[in-house]
Amino acid sequence: MDTRSSNEDKPVQRSKSFSFKTQKEVCSSCGKTVYPMERLVANNLVFHSSCFCCKHCNAKLSLGTFAALQGEFYCKPHYQQLFKSKGNYDEGFGRKQHKELWASKETDNITKTA
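Counting from 1, position 8 in the sequence shown corresponds to residue 8 in full-length UniProt numbering; the numbering is continuous, with no gaps.
1. Determine the closest residue to residue 44 out of 81, 76, 25, with distance taken between C-alpha atoms.
2. How is residue 85 classed by DSSP in three states: helix, strand or coil?
3. Within a Cβ cutoff of 6 Å, which residues of the same chain sit near residue 34, ignoring the five residues on either side of it in sequence?
4. For residue 51 versus residue 65, is the C-beta distance shorter than 8 Å?
5. Quick check: what's the CA-CA separation for residue 38 versus residue 79?
6. Mapping the DSSP letters down to three states, classify residue 56 as helix, strand or coil.
7. When burial is assigned at 16 or more other CB atoms within 10 Å of the CB, is residue 54 buried or exposed?
8. Would you decide whether residue 85 is buried or exposed? Buried here means 16 or more other CB atoms lie within 10 Å of its CB.
9. Would you report the Cα separation of residue 100 and residue 61, rounded to the nearest angstrom?
10. What's the C-alpha gap between residue 71 and residue 23?
11. Specify the secondary structure class of residue 79 as computed by DSSP and reduced to three states.
Dropping the structure here:
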């Protein structure tokens, strides 16, 4: 008596047009397709490794040499030069500086107590 199951007797059918259906990823900088060998992810954004550059000087960045602020990427020297040395991360983005907001609150408090 043959103890083999009927599944073992049947040949395996394979599709002739087999393909991986993956979603194409697009570079956040240039908008072109990013292939796995050139893929770089920073702050949940996908880039070509050659497109991941400093906004200020256009120098090529890597995952260990960048700093991000509000969706923009900078090399560490320019990040410090543009933002940290001023002590104000809002400066340069068209927002009111915090010291101006504090000054307006102090004048409001003085007028209320007088």
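A virtual CB, placed ideally from N, CA and C, is assigned to each residue, including glycine.
Inspection of the coordinates gives the following:
1. Position 44 of the sequence shown holds residue 44. It is 25.
2. Along the sequence shown, read from residue 1 onward, the residue named residue 85 stands at position 85. Since pLDDT at residue 85 reaches only 49, below the 50 mark, its modelled position is unreliable, and no value is offered.
3. As a first step, residue 34 is located in the sequence shown; it is residue number 34 there, counting from the start. Taken in chain order, the residues that qualify are 25, 27, 46, 48.
4. Against the sequence shown, residue 51 aligns to sequence position 51. Against the sequence shown, residue 65 aligns to sequence position 65. No, Cβ-Cβ distance for residue 51 and residue 65 is not below 8 Å.
5. Stepping through the sequence shown from its first residue, residue 38 is reached at position 38. Stepping through the sequence shown from its first residue, residue 79 is reached at position 79. Looking at the two C-alpha atoms, the distance is approximately 25 Å.
6. On the sequence shown, residue 56 is found 56 positions in, with the first residue counted as 1. It is coil, neither helix nor strand.
7. Indexing the sequence shown from 1 puts residue 54 at position 54. With 16 or more other Cβ atoms within 10 Å, it is buried.
8. Counted from its first residue, the sequence shown places residue 85 at position 85. With a pLDDT of 49 at residue 85, under the threshold of 50, the predicted position of this residue should be treated as unreliable, and no value is reported.
9. The residue you call residue 100 lines up with position 100 of the sequence shown. The residue you call residue 61 lines up with position 61 of the sequence shown. Straight-line Cα distance between these residues: approximately 35 Å.
10. For the purposes of this step, residue 71 is taken as residue 71 along the sequence shown, with counting starting at 1. For the purposes of this step, residue 23 is taken as residue 23 along the sequence shown, with counting starting at 1. If you take the alpha carbons of residue 71 and residue 23, they lie about 23 Å apart.
11. Position 79 of the sequence shown holds residue 79. Residue 79 falls in the helix class under three-state DSSP.
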